[in-house]
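Colleague: Handing you a structure now.
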Amino acid sequence: MARTRFSANRRRPGRRSAPQTPAPAGESAKEIAARLRSSASVGKSAQDYRRKSLDIHGWFCAKCGRDFDENNLHILTVHHRDGDHKNNPPDGSNWENLCVDCHEDEHSRDMLGRYLSDDQ
Ligand SMILES: [Zn+2]
Ligand SMILES: [Zn+2]
13 MARTRFSANR RRPGRRSAPQ TPAPAGESAK EIAARLRSSA SVGKSAQDYR
63 RKSLDIHGWF CAKCGRDFDE NNLHILTVHH RDGDHKNNPP DGSNWENLCV
113 DCHEDEHSRD MLGRYLSDDQ
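The sequence shown begins at 13 in my numbering and counts up one residue at a time.
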């Protein structure tokens, strides 16, 4: 007398979660832009001048004219005209609001990398 096997029981629930791999050495401009995007909501002082710039210049991209609202405002970034993002005059004269695409365009890949690393 053979036993009945329930093949349905062979399926195991749950899946293994792959270990998180650190970011690869080479970053594409898109990845940098993504980092820029997320850092906009992290750094407190960065957010502070960003908000001021948005207040002064409005919620639109100075280059392509794209409009933004609360839903997509996070992809509107603040560009520093002179490339020095520690230079933040309160009148906003060194700021330009650019969407991530135009911001990417504005900087060469190397320059954007330098723009993002101001620790030195
Ligand atoms: Zn734009
Ligand atoms: Zn910039």
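A virtual CB, placed ideally from N, CA and C, is assigned to each residue, including glycine.
Whole-angstrom Cβ separation of L110 and H91, contact assumed at under 8 angstroms?
Modeller: 5 angstroms
Colleague: In the DSSP assignment, find the unbroken alpha helix (DSSP H) run with C114 in it and report its ends.
Modeller: V112 to E118 is the extent of the alpha helix (DSSP H) around C114.
Colleague: Would you mind sorting V112 into buried or exposed? The rule is 16 or more other CB atoms within 10 Å of its CB.
Modeller: buried
Colleague: Count the other CB atoms, across all protein chains shown, that sit within 10 Å of the CB of L85; report buried if there are 16 or more and exposed otherwise.
Modeller: Residue burial annotation: L85 is exposed, with fewer than 16 other C-beta atoms found within 10 angstroms of its C-beta.
Colleague: Kindly identify the DSSP beta-bridge partner or partners of L88.
Modeller: According to DSSP, residue pairing for L88 in a beta bridge involves C111.
Colleague: Give the DSSP bridge partners of D79, in chain order.
Modeller: F72
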